[in-house]
């Protein structure tokens with residue numbers, strides 16, 4: 001399911017880049033095997049928006 005959403009998001013015309021914000025290392029293998037861009041975030045982030053913020057800051 002995560003790959004489907006990632007691939008569909010990549011098709012959006014006004015989106016330059018799609019990056020997953022993940023906190024579980026088991027998803028890292030899935031992302032690597034499926035060639036999906038990702039950022040590993042702190043698993044202690046209280047909400048999804050905090051996770052997205054951390055990922056955005058790490059990407060510059």
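Numbering (my numbering), first residue to last: 1 to 60. Every residue, glycine too, gets a C-beta built ideally from N, C-alpha and C.
Determine the contact status of residue i and residue j, defining contact as a CB-CB distance below 8 Å.
i          : j          : result
residue 58 : residue 39 : yes
residue 54 : residue 42 : yes
residue 31 : residue 51 : no
Considering Cα atoms alone, identify which of the options is closest to residue i.
i         : options           : result
residue 7 : 35, 50, 26 and 42 : 35
residue 3 : 28, 49 and 16     : 28
From which residue to which residue does the beta strand (DSSP E) around residue i run?
i          : result
residue 20 : 20-22
residue 15 : Counting along the chain, residue 15 falls outside any beta strand (DSSP E), and DSSP gives it neither H nor E.
Just curious, the alpha helix (DSSP H) that residue i is in, first and last residue?
i          : result
residue 34 : Premise fails: residue 34 is in no alpha helix (DSSP H) and is neither H nor E.
residue 53 : 48-59
Going by DSSP, name the residue or residues bridged to residue i.
i          : result
residue 39 : 21
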